[in-house]
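Taking it in order: structure first as structure tokens, then the write-up.
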Amino acid sequence: MSRQARSELWRHDFRRAGWAAWVAPLGALVATLAMTTLAVGGGAGRQQVRDLLLTGLEAIVPLAVAMAAVTAIAGDRSRELQLSLPANYVATLGRRVGSLVGAAFAVCVVFSVGVLAAGCWSGPRFVASPLVWAPPTIALVGLGVFIAVLTRSVVLATSGLAALWLTQQIYASAIGAVDWARPFLLFQTTRVGVTDGWALDRTLLAVVGVALVAAAAALLRRPDRLLTEEEA
Amino acid sequence: MIRYEFLMQIRKRSLWITTAILAVVMPLLQGNRGPSSLPDDMSARAVMGTWAFLFSILLPIGFGTVLADRLVRDRRLGIVGLLDSLPVGPGARVLRRYVGSVAATAVPGLAIMMAAAVFELATGRHDPALLLWAPIAFALVMLPGLAFIAAFALVAPLVVTAPLFRVLFVGYWFWGNMLPTNFLPSLTGSLIAPIGDYPASWLTGERMLWAGDDGWLGFLRPDVTGATAALSIALLLLVALVPLAASGPLLARRRVAG
């Protein structure tokens, strides 16, 4: 396939991913700024403002992007048509989810630079800043896509994501205190801090996400698994 | 229509699977701090109040995501015109579907409360009153929150779409029910927190989470008593009427927009 054709395919699937591709990460960060404004209005100190901005990157963006990825996977209304074409449907879904994650990464980089420029960066050294938001995003997207493919249910996939996100928020301290569980903590930077081995833990989290995406791709070797009459 | 909506919902596999998984997750994660480790001499009322509150932490997430596409799917399935031909206005139709949906999602909620009571009976707490307090605790702690969530989950996706609603709902649930008020101004611990903090605290005799804690909108944070627990339930039901009242005009606007 020529480079131009590949580029055209990416552009097409980026459009098919829809407004959610940009709105999910942007909306998450706008919500973060709104919460920060609310906190400032309530008398929050400078450190609290810094923590909130970092929380937006580490907790809110990954949730929004993962939910959007589930919709991109499970919400395709022309799936039967796609499956009738001599195109690889897994690659098509990969381009759509890739567009979502790529847009999120671009938005996060711009936001991080803005936070740094405003003197409000409180995470690790800035060169390692992608490790704040990329691993939890990859992990949650991986989990959401895997459950969506496995169960063919938007409800189960989104509920699973929501439950994991909430329980990790509630039990963040307990998870962070256990050596073997810490790499699976989505919010290590904001809830535990940048401790020894932080970069390795973050990398392991990203590996888990990639493994879940690979498992979903393996399930999609039979893409007719995605066919369903309606949400069960 | 209520019966039809009830039957459609209660046959949804995802409703039962989600409820079962979420109902198991919280007691497991609570470990030694969970209701299974409560003192032996604790009253049946307090035991079941604790269970109801524990289930209230995560279960509404499942209920909200299940209900989020109930109205928007009518358009997706192309049956809006058919529904419009019924001799029932859009507002009344939404109200009936709301009642059916709440009833259907309440069934698995009540079922896990009864299962928790049976578990307590089977594991050494030989008090038959547990079976009586299980439905009471469900009705006081879980049902008002469910009614509140169901109203927004049905109607809000007409404005913000179902996927966006689900994201916002999770964020709201954490912000408005669990986030300490000293971190960020929130509705946590107020009378209109649908997690059921006030009724559960009244049932157990001790504050379950943040009920009545100082914070934003102080007039919504009285001390926990039987009267304030009842007021919390009444306010939740009252607020739930707001989206339901808006549903008729919203559906009409969507019909015009075509």
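Respectively, the protein sequence lines represent chains A and B. Quick note: the first sequence uses numbering that gives the first Met the number 0, first residue 0, plus one each step. Quick note: the second sequence uses numbering that gives the first Met the number 0, first residue 0, plus one each step. Backbone N, C-alpha and C fix where the C-beta goes; we use that ideal spot for every residue, glycine too.
{"query": "Residues of its chain near B:A150, where Cβ-Cβ distance is below 7 Å and the 5 sequence neighbours each way are ignored", "result": "Y97, A239, P242, L243"}
{"query": "First and last residue of the uninterrupted alpha helix (DSSP H) at B:V223", "result": "Segment: none, B:V223 is in no alpha helix (DSSP H) and carries neither H nor E."}
{"query": "Reference A:Q47, options B:P198, B:N181, B:A128, B:G195, closest by Cα", "result": "B:N181"}
{"query": "Inter-residue spacing [alpha-carbon to alpha-carbon] between A:L142 and B:D212", "result": "36 Å"}
{"query": "7 Å Cβ cutoff met for A:G208 and A:A138", "result": "yes"}
{"query": "Within 7 Å of chain A by C-beta, residues of the region 8–42 of chain B in sequence order", "result": "K11, R12, S13, I16, T17, L21, V24, L28"}
{"query": "Inter-residue CB distance, A:R215 and A:V144 (contact presumed, cutoff 8 Å)", "result": "For the record, residue 215 of chain A in the displayed sequence is Ala; it is not Arg. At roughly 5 Å, the Cβ-Cβ gap stays under 8 Å, so A:A215 and A:V144 are in contact."}
{"query": "Cross-chain neighbours of B:L53 in chain A, by beta carbon under 7 Å", "result": "Within chain A, no residue comes near B:L53; the closest Cβ sits about 11 Å away, beyond 7 Å."}
{"query": "Cβ distance (whole Å) where B:V169 is taken to contact A:A161 below 8 Å", "result": "4 Å"}
{"query": "Exposed unless 16 or more other CB atoms sit within 10 angstroms - verdict on B:F173", "result": "buried"}
{"query": "Selection of the region 162–174 of chain A by Cβ proximity to chain B, strictly under 8 Å", "result": "A162, W164, L165, T166, Q168, I169, Y170"}
{"query": "Buried versus exposed call for A:E79 [16 or more other C-beta atoms within 10 Å across all chains shown]", "result": "exposed"}
{"query": "The alpha helix (DSSP H) enclosing B:V24, as first and last residue numbers", "result": "12–29"}
{"query": "Residues near A:F186 by beta carbon distance below 8 Å, same chain, minus five either side", "result": "T54, E57, A58, P135, Q167, Q168, A171"}
{"query": "Cut-off 7 Å between Cβ atoms - residues of its own chain near B:D126, not counting five sequence neighbours on either side", "result": "A43"}
{"query": "Nearest to B:L28 (by Cα), restricted to the options B:A251, B:W15, B:L53", "result": "B:L53"}
{"query": "Test: A:T36 CB closer than 7 Å to a CB of chain B", "result": "no"}
{"query": "Nearest to B:V65 (by Cα), restricted to the options B:F218, B:F164, B:L208, B:S231", "result": "B:F164"}
{"query": "6 Å CB neighbourhood of B:V79 in its chain, flanking five on each side removed", "result": "D73"}
{"query": "Where the region 52–67 of chain A meets chain B: residues whose CB sits under 8 Å from a CB there", "result": "I59, L62, A63, M66, A67"}
{"query": "Beta-carbon proximity check, B:M47 vs B:A136, cutoff 7 Å", "result": "yes"}
{"query": "The region 188–205 of chain B / the region 222–233 of chain B touching (three or more Cβ pairs under 8 Å)", "result": "yes"}
{"query": "A:S158: first and last residue of the uninterrupted alpha helix (DSSP H) it sits in", "result": "153–169"}
{"query": "Beta-carbon proximity of B:G61 to A:S121, cut-off 7 Å", "result": "no"}
{"query": "Contact check, A:W164 vs A:L8, beta carbons under 7 Å", "result": "no"}
{"query": "Per-residue DSSP class, three states only, for B:W174", "result": "helix"}
{"query": "Chain A contact for B:T64 (CB, 7 Å cutoff)", "result": "yes"}
{"query": "Any chain A beta carbon closer than 7 Å to B:I78", "result": "no"}
{"query": "A:E7 in three-state terms, based on DSSP", "result": "helix"}
{"query": "C-alpha distance - B:G214 paired with A:L99, whole-angstrom precision", "result": "38 Å"}
{"query": "Within chain A, partners of B:I191 - CB distance below 8 Å", "result": "Those within 8 Å of B:I191 in chain A number zero; the least Cβ separation is about 17 Å."}
{"query": "Chain B contacts from the region 189–219 of chain A (Cβ-Cβ distance under 7 Å)", "result": "none"}
{"query": "Chain B contact for A:T157 (CB, 7 Å cutoff)", "result": "yes"}
{"query": "Chain A residues whose Cβ lies nearer than 7 Å to that of B:I1", "result": "The premise fails here: B:I1 is roughly 21 Å from chain A at the closest Cβ pair, so nothing lies under 7 Å."}
{"query": "Three-state secondary structure assigned by DSSP to B:M207", "result": "coil"}
{"query": "Interface partners of B:P179 on chain A, CB under 7 Å", "result": "Per Cβ cutoff of 7 Å: no residues; B:P179 is ~12 Å from chain A at best."}
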